[in-house]
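For reference, the structure is listed below as structure tokens.
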Amino acid sequence: MPGSERPEKYLRWRVRIGDPADRRHRRWPLALLGSGLTELPDDGGSGLTELPDDGTAPGLPERGTRTGPPGSRPGRAGRRRGPVGPWHQVFVGRMVVTAGSVDRLRRLLDHPVSLARVRRVTVVVQEWQIPQRGWSGRLGPLPHLLTQRVRTPRDDRGRVVVEIEVRWSVPLRSVLVAVLPLLLPVRPMPTPGGPEVTAQDVFPEWLGAGPRLDAIAGELPGSDDIRPYDIVLRPGDAAPGTAGGATGPSYREVCTVDRYGAASPVGDGFGVGRTSVLLDLEHAVPVGRYGPFGPAAPRAELTFPSDPDGRGWRIVGPDGLDRGGRLDRRWPAEEVRAALDGIGVLDCRAIPGRYPEAEAALLLHLVLAGVLVHAPELPPACAAHLADELVELLAGPLPDRPGPAPARYADLDWEARAVRQRRAAMRRHGREFALPRLTVDAFPGFGRLPSVSALLVTRRLAYVLDAVAAIEAQSYPELEIVLCLHGVGLPADLRTRLARCTRQLEIVEVPAGQSFGEAVGAATARARGSLVTKFDDDDTYGPEHVWDLVLARHHSGATLVGKPAEFVYVETLGTTVRRDAGAPESFAPVVAGGTMLIGRGDLEEVGGWRPVPRSVDRGLIDRVRRAGGLIYRTHPLGYVYQRRSAGHTWDPGLEYFLRDAGAQWSGLPRHAEFGTASVRESTPDLATAGPAGPLPSGRGPAGPVLTRADSSRPPRGGFPASPGADDDVPRRRGGSTVGHCRLL
Numbered sequence: 000m001p002g003s004e005r006p007e008k009y010l011r012w013r014v015r016i017g018d019p020a021d022r023r024h025r026r027w028p029l030a031l032l033g034s035g036l037t038e039l040p041d042d043g044g045s046g047l048t049e050l051p052d053d054g055t056a057p058g059l060p061e062r063g064t065r066t067g068p069p070g071s072r073p074g075r076a077g078r079r080r081g082p083v084g085p086w087h088q089v090f091v092g093r094m095v096v097t098a099g100s101v102d103r104l105r106r107l108l109d110h111p112v113s114l115a116r117v118r119r120v121t122v123v124v125q126e127w128q129i130p131q132r133g134w135s136g137r138l139g140p141l142p143h144l145l146t147q148r149v150r151t152p153r154d155d156r157g158r159v160v161v162e163i164e165v166r167w168s169v170p171l172r173s174v175l176v177a178v179l180p181l182l183l184p185v186r187p188m189p190t191p192g193g194p195e196v197t198a199q200d201v202f203p204e205w206l207g208a209g210p211r212l213d214a215i216a217g218e219l220p221g222s223d224d225i226r227p228y229d230i231v232l233r234p235g236d237a238a239p240g241t242a243g244g245a246t247g248p249s250y251r252e253v254c255t256v257d258r259y260g261a262a263s264p265v266g267d268g269f270g271v272g273r274t275s276v277l278l279d280l281e282h283a284v285p286v287g288r289y290g291p292f293g294p295a296a297p298r299a300e301l302t303f304p305s306d307p308d309g310r311g312w313r314i315v316g317p318d319g320l321d322r323g324g325r326l327d328r329r330w331p332a333e334e335v336r337a338a339l340d341g342i343g344v345l346d347c348r349a350i351p352g353r354y355p356e357a358e359a360a361l362l363l364h365l366v367l368a369g370v371l372v373h374a375p376e377l378p379p380a381c382a383a384h385l386a387d388e389l390v391e392l393l394a395g396p397l398p399d400r401p402g403p404a405p406a407r408y409a410d411l412d413w414e415a416r417a418v419r420q421r422r423a424a425m426r427r428h429g430r431e432f433a434l435p436r437l438t439v440d441a442f443p444g445f446g447r448l449p450s451v452s453a454l455l456v457t458r459r460l461a462y463v464l465d466a467v468a469a470i471e472a473q474s475y476p477e478l479e480i481v482l483c484l485h486g487v488g489l490p491a492d493l494r495t496r497l498a499r500c501t502r503q504l505e506i507v508e509v510p511a512g513q514s515f516g517e518a519v520g521a522a523t524a525r526a527r528g529s530l531v532t533k534f535d536d537d538d539t540y541g542p543e544h545v546w547d548l549v550l551a552r553h554h555s556g557a558t559l560v561g562k563p564a565e566f567v568y569v570e571t572l573g574t575t576v577r578r579d580a581g582a583p584e585s586f587a588p589v590v591a592g593g594t595m596l597i598g599r600g601d602l603e604e605v606g607g608w609r610p611v612p613r614s615v616d617r618g619l620i621d622r623v624r625r626a627g628g629l630i631y632r633t634h635p636l637g638y639v640y641q642r643r644s645a646g647h648t649w650d651p652g653l654e655y656f657l658r659d660a661g662a663q664w665s666g667l668p669r670h671a672e673f674g675t676a677s678v679r680e681s682t683p684d685l686a687t688a689g690p691a692g693p694l695p696s697g698r699g700p701a702g703p704v705l706t707r708a709d710s711s712r713p714p715r716g717g718f719p720a721s722p723g724a725d726d727d728v729p730r731r732r733g734g735s736t737v738g739h740c741r742l743l
């Protein structure tokens, strides 16, 4: 038991998270009746984020006083909600935690009760639904584990009970971090190295759970061999307290934080000394929320009614929509996010700027809910806590193409605006992306994104330059290209032109005797990225395509992510159709093969690529699902599947792609999200907002166009780009790798 004082011991304790009026939360085991009780009601109350100077939890009796015995009923003395001393000096023999949902269970990670040490824990979630049928959750690492028992509902939805017993006591937070992967997918960001991070005497709501994240109260432990932590998150400027007796340092860097975010350094896209609001993307991004979009989509309004403390807010919209909350709660309640289904635009014209940091955090959560948020009069104090990229997308005018733009383009502009807002919020404010930037001075290598290897396997030399240019034009910085030539040699003139590529380019030659699956495996063996994604040689990819996949993998926790083949260019008709390919931003049975992204370790764990001549993508998807993994389908923008008149081994007929088709375009949709429109042809917010990176100049079905997303950056390569590639091409079987060329 850490701490110099003797621990406060209890045989039993109960923790309830949710609405106290919900009778389902009162189904306690008989052995727990009369034990202590801590309640975290859904009343929009205070988020318990910082420990007072005396070390007790906020809102609890002062140290050394009691309002009644453990578990006493409400009376004149008030209800007992915690121990006398601080939670990190409390030992509980058996603790039962009950929550209405997994979202509510995660609240304990940001509460001081998570520091109590426990030996036996029962976690009850009243309303749980399996993310996808066939998924298999796994208990995370937990030291000294003796027994575990999991009871899930037979119909994949209902009450879940998890019982854990350990040999030696551990913090309740450690148990919760281990239990969460049983209930929902969790997939940490891959990195070759990273610091140990701990929050000392503060509970920021964005900290979340992870293999390198911790929260403690009191002194930092000391060590003569290796410092226990690398980064310490503190609520103020005071130096962290460290335990005596150790001569070595306990930390390297201190970062000042509060419940909403952390102080930003110079050059982070925020102002000097401004606080960047941070988000726990694994929790803040809802699944299954996408659309509707367009100028005719239903609208709602965010208002801030006059009340004594000015912290209340309400969302009012059509069909009786009237939901509210408070700025001092952690995030919009699940009921509020559910009520936004069917809302396309949220007008936020009356943001008072009284609590700018909390208001900025609210806007971020609403953006992640999938609605297009419009705040034309965003107060400067509120904008100061948001990335410049996102401020432009929030405050700029709504999409309005000059001239008589067709409805299909108008709706697409509004959809792209919402997607860009969500993308900017995730990559600029997500903890895994923003925290490394805040500590880049102390750990320069910590700020690097996960490396991605783009696999391009082809036997059609005429498509190579265009396909490589499409990958080179991606805005994601940590990206290498692995070009695998299947059964064809590389002519000298083509090799010379590829040498001008500004990305790291690896060239692999595979004999025609090997199957297509073996060729993809050979390309993967040459890849050096932590993540692997597959490009096809004649499909169309927008400049943000890889970014979208990396973000989707992180917030969904899925093993494999991709995009749907929703936009299909039919060569025989010279037309792009938008078809119903399933619900975006949700777990799905399949994704388009030319968009798949998976971790290198996950790929090897499930057995890699099958050595088959066709349906290689389906083979990997089947292996992932048999291993208990999840497939996640993100939004469809930035990818057009090219359906040629010949060259496909799978041919369901033209009717398959025209069935349930919606909007249609002659040629390719000319839009910056697809890398097929010039700045002048795109709407102002789509052309200028955010670090989209250079777009490829190309020659496709829509004709030659020059595309740029950021005029301050020159084009990377100068290759002529055209639609990318599809893996369903005629394939001949081949042998072993005969050549390897690395071009830098």
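According to numbering that gives the first Met the number 0, the sequence shown is numbered sequentially starting from 0. For each residue, glycine too, the CB sits at the ideal point set by N, CA and C.
The alpha-carbon separation between LEU392 and GLY260 amounts to approximately 21 Å. For PRO307, there is no enclosing beta strand (DSSP E), as DSSP gives it neither H nor E. Segment contact: the segment 362-382 against the segment 332-347, three or more CB-CB distances shorter than 8 Å; contact assigned.
Counting only the Cα atoms, PRO194 lies some 30 Å from VAL390.
Distance between GLU204 and ASP410, taken at the CA atoms: about 35 Å. Three or more pairs of CB atoms, one per stretch, sit closer than 8 Å, so the segment 225-233 contacts the segment 250-257. Residue state for PHE445 is assigned as helix, using DSSP reduced to three classes. Taking one beta carbon from each stretch, the segment 541-560 and the segment 506-525 have fewer than 3 pairs nearer than 8 Å; the two do not touch. Distances from the alpha-carbon of ILE225 to those of ARG211, PHE202, TYR250, GLY207 put TYR250 closest. In its chain, beyond the 5 residues on either side, THR575 have a beta carbon closer than 6 Å to the beta carbon of TRP664. DSSP links SER249 through a beta bridge to no other residue.
Judged by DSSP in its simplified three-state form, CYS381 adopts helix.
Within the DSSP bridge table, the entry for HIS485 names VAL509 as partners. LEU559 is positioned such that its CB atom lies closer than 7 Å to that of MET595. The residues ALA299, GLU300, THR302, ASP321, in chain order, have a CB closer than 8 Å to that of VAL315 in the same chain once the five nearest residues on each side in sequence are set aside.
Taking C-alpha positions only, PRO6 is separated from PRO297 by approximately 56 Å. Here GLY573 is exposed: its Cβ has fewer than 16 other Cβ atoms, across all protein chains shown, within 10 Å.
Contact between VAL335 and GLY324 holds: their C-beta atoms lie close to 6 Å from each other, under 8 Å. Counting along the chain, the unbroken beta strand (DSSP E) around VAL196 starts and ends at 196-199. If you compare the alpha carbons of HIS554, ASP538, GLN473 with that of ARG643, the shortest gap goes to ASP538.
Within the model, the alpha-carbon separation for GLY209 versus PRO187 is close to 7 Å.
Between ALA564 and ALA551, the CB-CB gap reaches or exceeds 7 Å.
Minimum Cα-Cα distance from GLY157 among the listed residues PRO189, VAL123, GLU164, ARG426 corresponds to VAL123. For ALA115 against TRP86, the beta-carbon gap comes to about 5 Å, under 8 Å, which counts as contact. Collapsing the DSSP output to three states places ILE163 in a strand. Fewer than three Cβ pairs drawn from the segment 412-420 and the segment 429-448 lie within less than 8 Å of each other, which leaves the two stretches out of contact.
MET94 is bridged by DSSP to TRP12, VAL120. Apart from the 5 residues on each side of it in sequence, LEU179 sits with its Cβ closer than 8 Å to the Cβ of VAL101, LEU104, ARG105, GLY139, VAL185, ALA208 in its chain, given in chain order.
With at least 16 other beta carbons inside 10 angstroms of its own, HIS282 counts as buried. Taking all protein chains in view, the Cβ of THR146 is surrounded by fewer than 16 other Cβ atoms within 10 Å, so the residue is classified as exposed. Annotated three-state conformation of ILE215 is strand, per DSSP. Within the same chain, Cβ atoms closer than 6 Å to the Cβ of ASP213 are found at THR197, the five residues on either side in sequence being excluded. In this structure, the alpha-carbon of VAL284 lies about 15 Å from that of LEU206. Counting other Cβ atoms within 10 Å of its Cβ, HIS485 reaches 16 or more and is therefore classed as buried. Exclusion of the five residues before and after LEU504 leaves ILE480, LEU482, LEU497, LEU742 as the residues of its chain whose Cβ lies within less than 7 Å of its Cβ. Within the same chain, PRO297 come within 6 Å of PRO317 by CB-CB distance, once the 5 residues on both sides are set aside.
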